[in-house]
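Peer 1: Take a look at this one; I'll ask things after.
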Amino acid sequence: MLEIKNLHVRVGDKDILKGLNLTVGAGQVHAIMGPNGSGKSTLSYVLAGRAGYDVTDGAILYNGENLVGMPPEERAAKGVFLAMQYPVEIPGVTTMMFLKSALNALARARGQSEMDAIAVLKAVRKKAATLNVSEEMLKRALNVGFSGGEKKRLEILQMALFEPKLAILDETDSGLDIDALKLVAEGVNSLRSPERAMLVITHYQRLLDYIVPDRVHVLSNGRIIKEGGKELALELEAKGYEQIVKDAA
Amino acid sequence: MSSAAAETKSQVAAIGEKYKYGFVTDIEMERAPKGLSADTVRYVSAKKNEPEWMLEWRLGAFKRWGEMKEPSWARVHYPKIDYQAAYYYAAPKNTPLKQSLDEVDPKLLETYKKLGIPLSEQMALAGVAVDAVFDSVSVATTFKDKLNEAGVIFCPISEAIRDYPEMVKQYLGTVVPVTDNFFATLNAAVFSDGTFVYVPKGVRCPMELSTYFRINASETGQFERTLIIADEGSYVSYLEGCTAPKRDENQLHAAVVELIALEGAEIKYSTVQNWYPGDENGLGGIFNFVTKRGDCRGARSKISWTQVETGSAITWKYPSCILRGDGSVGEFYSIAIANHYQQADTGTKMIHIGKNTRSRIISKGISAGKAHNTYRGLVSVLGKAENARNFTQCDSLLIGKECGAHTVPYIESRNPSARIEHEATTSKIAEDQLFYCLQRGLGQEEAVALIVNGFCKEVLQQLPMEFAVEAQKLVGISLEGSVG
Amino acid sequence: MTALPTRRVEEWKYSDLARALGDAGFGDGAAKAVATAPDGVEIVSLENGNRPAWVAQHYGKLPANVVSAVSLAKAQGGIAMRVRKNVAVVAPLVLNISGEGHVRLLLVLEEGASLTVSEHCDPAATRNTGFEIVLGENARLDHVRLSPASAVVQVEEIALLAAAGAQYHSHFASFGAKLSRLEIMIALEGEKAEAHLSGVSVLATGHADITTHVAHKIKDTHSTQLFKKVAGGKSRAIYQGKVSVAPGADGVDSRQTAKALLLSREAEADLKPELEILADDVKCAHGAAVGDLDADSLFYLRARGLPETEARALLIHAFLEDAFAGVASDDLREMVRGTVNNALDGIAI
């Protein structure tokens, strides 16, 4: 489903990704682990198409189509979803209004019929309850004044609503206590399916206790330096990044 | 007790007088005839042995000045200045520029020692070269040899006009045009001395440069002119300090400072202005009308102004940056303290012309007694200044019921990709902060000094070390008598 | 005749009235005001000289700027309105101002009275409106003013006096003119008097100047101001706001915010929030910002599937949204929002 070939990315005048290769098949969950500054967030942003992340070489093939140069909303319509590490606060836009706008934009782009406010509300309510997203949260401005846990739960709620084919979870565990982490992980696990690929980006192994990956890749200095099964995450936890980087060198 | 508070306390205790620089040096002076005319301008020029072109420049300025009106838009009120009732040139007799400090009148060396500015090089603080300007002339410049080695020119501007005429011609009046404003034009006509600095390409000036301005003579105006050029990729940090004797009369100080930063150059300009502020009844004090402007002419250049304004009866001063070069940076950090009957109207202009230009303004105004303190600023983004950024924070603190704090920012943007943010607050010293300090044993005045120092911290941090300590003490001293 | 201000007059720096008007000035027509008043509002024409005592008592008494002084001298017509003591008028009074030239308005709310005014300006003619408002103790006025896009010069000066406990809530929506200026001078003269001003300027072209003066003359008075501006095309959005606190006016609380979004390379925003503080126990703050849409928000919305123009439109609406909150009446708020939405449709984003 996702095939990244020799990806080079520059941000400003700095090269961040320097020949990254990665393949994720449908139905699989892959974890990307790496120390701070290894390029994890850059990878997530470049997959979603954020401006300022310039691909200087290589390709990002998604179902055979190169995503490089495609605007973010087109990627979203094609099923790419990025759950952000720091979901953006937008005062003046209620969460409900945002969800409706996004759902209908996706529907239009996908050639489906749009939903009215009541249909949206129903759809949202159905998914909201399991993620412990309250009605009151939906009435507030998007992410404004939300706690860290509330923001992450809302990200997962969107993932459930928008039904992506490729979900990228960028440091979804950051800022969560153990209860919130479990809740979010359950939400993610319930969305695992044979048609959906997931890329879980994380610094710590902790999240992978709850979202068990099929493959683990270690990102260091802009490249994948090691990969393995889920046990690689444990090895990383035990040895630390420094040792793994040394071993791989 | 924090060291700042302790420092302030001991300083306050040590000073019997409110203004410790109020003494007069008794020295034989030579003056121009009283009043202002084309002859006065010729007199000043002749005293400086200036070339003909410089005299012409001055006379041109004088002619224009006669056609100009004194500005009235600032929030300052003062009796009409009689420009014919002052002397425009005063110099210690027989002290043309000395080649060595040994030749300088010991009375002058003693004066600067009393001011805390030892000119003898062995005694001087390591790493600070000083140009001492006494009334209308520069009396001493230290560390010239060491600076020469690095190729840095640091000399009185009168000397630069004679020795580096091409450079002076190329840059003088290009940042502050001769006819810029009433006071700048007056300065162009009669300026008597000041400092000239040139830092060559790629040179990081090996020490802090400093000019110490002293008004000593009575009924005399001081009109100094400073010109600093930082060539490509160079760096210089320049400090100025100012004091004057206590007198019942008002004396005029109208300076012009021009800074030019070429590609990749950086100029850091710090001022501790402590001209005599007048007494607690508003009698006497310096009228300080100053035009300071920096031109970031080259790409990625930077000009940073830091000022601590505690003195003068009237302050009228807006150190500004013209951000012409792409990616250039302008900064303005200011503390203005007005106590008793002082009036300060000060701020900055940041003119964004080039792409990716950035500016930052941090202004802290403190009003006490019956004083008025105004921040007046302009941030202007022109049409081609893509991605220009400005951040402004303007805070005012009021101490007492009879003072005023005013904020007048102008924000003008013509580029959709630019971002300008301005925040301003006005408050008094919080009762709970004061109570906390008193409860822990601080006296009223030291508590205020401590809190005000905290309020000003962001700006104080910008000052070079030697000045920061001095400035911190000044903050406390200036507010003496404002509480209780 | 008094000379009209040019941009060389500091207060008119961004609005050169003399130049915009040219030799014709405001013209010699008889601009008029028509009020559709609900029960409880008394209305008197200012055209005849036979004015009741309450009109005589208040008409022309509040401080006037130079332009307002001209309307006072030259206006032929206009109306005076009054709500008597403790009368609460629920339905809004609809005020329509039209025609060329000068016109005067006077509104008096007596002690404890309350009223909502919905003011509409006919965009067709060059006009100068002078409006005096007197609020008695504990009176409350809600004032919504719409000035639609216009090709001519339209200015209005409001002078307002608020007695103890009186409240003034206003929303000014402007959509640009050859020169458009709304200047309001508020004197909070009684303790606990409050003024809450909000407004939006949505400009596809033209000029819109909102100039406010809020004078806190006595202790414990409060004011808030929130003005949002969206400038597209070749437009110019201006906010000048001065908050002053008189000596001894302790306990004053004042907050002033002005923000502008520039959507075009030819648009300009000029903001001048000013503070003049002569008392120490006060809380006064202002904030001003000019910029474009937040890049993070834009990316977030696009990453969730919103096309760029839709995402931009959503963020522009969101930018304006909090300025509508000051309109107390749901109906009037929807009316303002609807007008703003229409105006936004006409701007290239």
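Chains as they are written, first to last, in this note's numbering: chain A, 1 to 249; chain B, 1001 to 1484; chain C, 2001 to 2349.
Where a beta carbon is used, it is the ideal one built from N, C-alpha and C, also for glycine.
A quick note: this is a predicted structure, and the numbers were derived from the prediction, not measured.
May I ask which residues mark the beginning and end of the alpha helix (DSSP H) holding Cys-1437 of chain B?
Peer 2: Note, Cys-1437 of chain B: alpha helix (DSSP H), 1431–1439.
Peer 1: Given that a residue counts as buried once 16 or more other Cβ atoms are within 10 Å of its Cβ, and exposed if not, what is Val-1024 of chain B?
Peer 2: So Val-1024 of chain B ends up on the exposed side.
Peer 1: Does the separation of the CB atoms of Cys-1321 of chain B and Thr-1348 of chain B fall below 9 Å?
Peer 2: Yes, these two residues count as a Cβ contact at 9 Å.
Peer 1: Is there a Cβ from chain A that is less than 9 Å from the Cβ of Leu-2306 of chain C?
Peer 2: So yes, Leu-2306 of chain C belongs to the interface.
Peer 1: Counting beta carbon pairs with one atom in the segment 180–198 of chain A and one in the segment 86–105 of chain A, are three or more of them shorter than 8 Å?
Peer 2: Segments in contact, no.
Peer 1: Kindly indicate which three-state DSSP category Lys-1428 of chain B falls into: helix, strand or coil?
Peer 2: Lys-1428 of chain B falls in the strand class under three-state DSSP.
Peer 1: Would you mind telling me which residues of chain C sit closer than 9 Å to Tyr-1341 of chain B, beta carbon to beta carbon, in chain order?
Peer 2: Result: empty, since nearest Cβ-Cβ is about 15 Å, beyond 9 Å.
Peer 1: Pairing CB atoms from the segment 63–72 of chain A with CB atoms from the segment 148–160 of chain A, are three or more of them under 8 Å?
Peer 2: In short, these stretches do not touch, since the Cβ pair count stays below three.
Peer 1: Curious, which full-length alpha helix (DSSP H) runs of at least 4 residues does the segment 1017–1058 of chain B contain?
Peer 2: Fully enclosed alpha helix (DSSP H) runs of 4 or longer: 1038–1047.
Peer 1: Taking beta-carbon pairs under 7 Å, can you tell me which members of the segment 2282–2304 of chain C lie near chain B?
Peer 2: Here the close residues are Val-2282, Lys-2283, Cys-2284, Ala-2285, His-2286, Gly-2287, Ala-2288, Ala-2289, Val-2290, Gly-2291 and Asp-2292.
Peer 1: If the cut-off is 8 Å on Cβ atoms, which residues from the segment 1239–1258 of chain B count as contacting chain C, listed in chain order?
Peer 2: Taking 8 Å as the Cβ-Cβ cut-off against chain C, none of the residues of the segment 1239–1258 of chain B qualify.
Peer 1: Taking the alpha carbon of Glu-1067 of chain B as the point to measure from, which residue in B:Phe-1183, B:Ile-1362 and B:Val-1199 has its own alpha carbon closest?
Peer 2: Measuring from the Cα of Glu-1067 of chain B, the nearest candidate turns out to be B:Phe-1183.
Peer 1: Let me check you understand the geometry: is the CB of Glu-2157 of chain C closer than 8 Å to at least one non-hydrogen atom of the ligand MN?
Peer 2: Absence of the ligand MN is noted for the structure shown, with no ligands found whatsoever.
Peer 1: Under the assumption that Leu-99 of chain A contacts Lys-127 of chain A (Cβ atoms under 8 Å), give the Cβ distance between them as a whole number of angstroms.
Peer 2: In fact, because the Cβ distance is near 10 Å, the residues do not count as touching under 8 Å.
Peer 1: When you compare only the Cα positions, how much space is there between Asp-1082 of chain B and Glu-1070 of chain B?
Peer 2: Their backbone Cα atoms lie some 12 Å apart in a straight line.
Peer 1: Show which residues of chain A have a CB atom less than 7 Å away from the CB atom of Asp-2345 of chain C.
Peer 2: Here the premise fails: no neighbours, minimum Cβ distance about 17 Å.
Peer 1: Can you say whether Ser-1002 of chain B is buried or exposed, counting buried as having 16 or more other CB atoms within 10 angstroms of its CB?
Peer 2: Caution is warranted here: a pLDDT of 43 is assigned to Ser-1002 of chain B, below 50, making its placement in the model unreliable, and the coordinate value is therefore given only provisionally. Burial call: exposed.
Peer 1: By how many angstroms is the C-alpha of Gly-52 of chain A removed from the C-alpha of Glu-253 of chain A?
Peer 2: The structure shown does not extend to residue 253 of chain A, since chain A is modelled only from 1 through 249, so no value can be given for it.
Peer 1: Name the one or two DSSP bridge partners that Tyr-1078 of chain B has.
Peer 2: Bridge partners of Tyr-1078 of chain B: none, in fact.
Peer 1: Roughly how many whole angstroms lie between the Cα atoms of Ala-185 of chain A and Pro-87 of chain A?
Peer 2: Taking the straight line joining both Cα atoms gives about 17 Å.
Peer 1: Going along the chain, which residues of the segment 74–88 of chain A sit with their C-beta nearer than 9 Å to a C-beta in chain C?
Peer 2: Per Cβ criterion, the list reads Glu-74, Arg-75, Ala-76, Ala-77, Val-80, Phe-81, Leu-82, Met-84, Tyr-86, Pro-87 and Val-88.
Peer 1: Beta-carbon within less than 6 Å of Met-1123 of chain B's beta-carbon, same chain only, minus the 5 sequence neighbours each way: which residues are those?
Peer 2: Caution applies to Met-1123 of chain B, whose pLDDT of 45 falls short of 50 and renders its modelled position unreliable; the value that the coordinates give is listed next. So the list is empty, once near-sequence residues are dropped.
Peer 1: Per the contact definition of three or more C-beta pairs closer than 8 Å, is the segment 2228–2246 of chain C in contact with the segment 2266–2283 of chain C?
Peer 2: Result yes; three or more Cβ-Cβ pairs closer than 8 Å.
Peer 1: Apply the 10 Å Cβ neighbour rule to Val-2090 of chain C and answer buried if 16 or more other Cβ atoms are within range, or exposed otherwise.
Peer 2: Result: exposed.
Peer 1: Between Gly-40 of chain A and Asn-21 of chain A, how many whole angstroms is the CB-CB distance? I'm expecting something under 8 Å.
Peer 2: Just to set this straight, residue 40 of chain A is Lys in the shown sequence, not Gly. Their Cβ separation, rounded to whole angstroms, is 16 Å, which puts Lys-40 of chain A and Asn-21 of chain A out of contact at 8 Å.
Peer 1: Return yes when the Cβ of Ala-77 of chain A is within less than 9 Å of the Cβ of Arg-110 of chain A, no when it is not.
Peer 2: Against a cut-off of 9 Å, the Cβ pair of Ala-77 of chain A and Arg-110 of chain A comes out as a contact.
Peer 1: Beta-carbon of Leu-1398 of chain B versus every beta-carbon of chain C: anything under 9 Å?
Peer 2: Answer yes: the Cβ-Cβ gap between Leu-1398 of chain B and chain C drops below 9 Å somewhere.
Peer 1: CA-CA distance, Asp-1193 of chain B and Glu-1208 of chain B?
Peer 2: Their Cα atoms are separated by approximately 20 Å.
Peer 1: What residue does the alpha helix (DSSP H) around Glu-2156 of chain C start on, and which one ends it?
Peer 2: Looking at the DSSP string, Glu-2156 of chain C is not in any alpha helix (DSSP H); the run it does join, the beta strand (DSSP E), is 2153–2162.
Peer 1: With distance defined between alpha-carbon atoms, name the residue in C:Val-2094, C:Ala-2267 and C:Tyr-2059 nearest to Lys-1384 of chain B.
Peer 2: It is C:Ala-2267.
Peer 1: If I measure Cβ to Cβ from Gly-1060 of chain B and keep anything under 7 Å in the same chain, skipping five residues before and after, which residues do I get?
Peer 2: Same-chain partners within the cutoff: Val-1178.
Peer 1: Apart from the five residues just before and just after Ser-38 of chain A, which ones in its own chain have a Cβ nearer than 8 Å to its Cβ?
Peer 2: Taken in chain order, the residues that qualify are Leu-219, Ser-220, Asn-221 and Gly-222.
Peer 1: Can you pull the chain B residues whose beta carbon is under 9 Å from the beta carbon of Gly-2248 of chain C, in chain order?
Peer 2: Within 9 Å Cβ-Cβ: Lys-1401.
Peer 1: Going straight from the alpha carbon of Gly-1311 of chain B to that of Leu-1259 of chain B, what length do you get?
Peer 2: Each residue's Cα considered, the two are about 23 Å apart.
Peer 1: Any chance the segment 2106–2126 of chain C sits against the segment 2143–2154 of chain C, with 3 or more Cβ pairs inside 8 Å?
Peer 2: Yes, they touch.
Peer 1: Can you give me the C-alpha to C-alpha distance between Thr-1271 of chain B and Ser-1396 of chain B, rounded to a whole angstrom?
Peer 2: Looking at the two C-alpha atoms, the distance is approximately 20 Å.
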